[in-house]
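Just so we're on the same page, the numbering used here is the position in the sequence shown counted from 1, plus 149. Think of the CB as a built atom: it goes at the ideal place given N, C-alpha and C, for glycine as much as any other residue. All values derive from a computational prediction rather than experimental measurement. So the structure is just underneath, and the comments pick up after that.
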Amino acid sequence: MAKWGKCDFSEFEKLEKEFEKLAKTDVEKFCKDVAKELAARLLSKVIPRTPVGEGTFEVINEKKYTIKSGGTLRRGWTANTEAEAESGSVPDPTTYADSLKIFKFGNNYIVIVENPVKYASYVEYGHRQEPGRYVPALGKRLKQSWVEGKYMLTISEKELESQLPAILEQKMKKYIEECLNNG
């Protein structure tokens, strides 16, 4: 039998031990934390894009009095109900994202980001209306038959989707380094 030389496998054994450390870590917690961070990033993009109405006013003796302030739709992104959004007592996006439930289907982690305000879909995708109809809340007649949507969520999702590979790569690198150095 031929003799061809020596081989040092100590580096492979060291690498094997590092992979064993990595396998013992809580990958599920890491995935859920990343999903919550992505939800917070999405909220931080969609909230500023959401239009704010003027609110509802009443004129008494030629002075405007606010009946209802605008911004319900914007506050709705971090509210659980429309009433909560109207009241204005909503948490900041990061706190709200941390409270969201994460669902796991197969290898996918799903976070549902929604706006409970009943007219949110009309502002997002647009809506039709009857030209010439008088709207007392606006104090004027409608002019267009179609109001184009603002697509605040759609645009924010696409923007985050384009940034996703870089964000995930950075998070995974940091996670692996922490596991190997601290484990």
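Taking C-beta separations shorter than 7 Å and ignoring five residues to either side along the sequence, the partners of Val262 in its chain run Ala188, Leu191 and Leu192, following chain order. Assignment of Lys253 by DSSP, reduced to helix, strand and coil, places it in the strand class. Here the C-alpha atom of Gly275 lies approximately 43 Å from the C-alpha atom of Asp175.
Leu287 counts as exposed, since fewer than 16 other beta carbons sit within 10 angstroms of its beta carbon.
Trp295 places its beta carbon 7 Å or farther from that of Arg282.
Val260 sits close to Ala184, with the two beta carbons spaced by under 7 Å.
Residue environment analysis places Val266 among the buried positions, since at least 16 neighbouring C-beta atoms fall within 10 angstroms of its C-beta.
Scanning Gly202, Tyr324 and Val195 for the CA closest to the CA of Ile304 turns up Val195. Look at the stretch 264 to 316 and you find these whole runs of beta strand (DSSP E), each 3 residues long or longer: 275 to 277 and 295 to 297. Ala228 counts as buried, since at least 16 other C-beta atoms from the protein chains shown sit within 10 angstroms of its C-beta.
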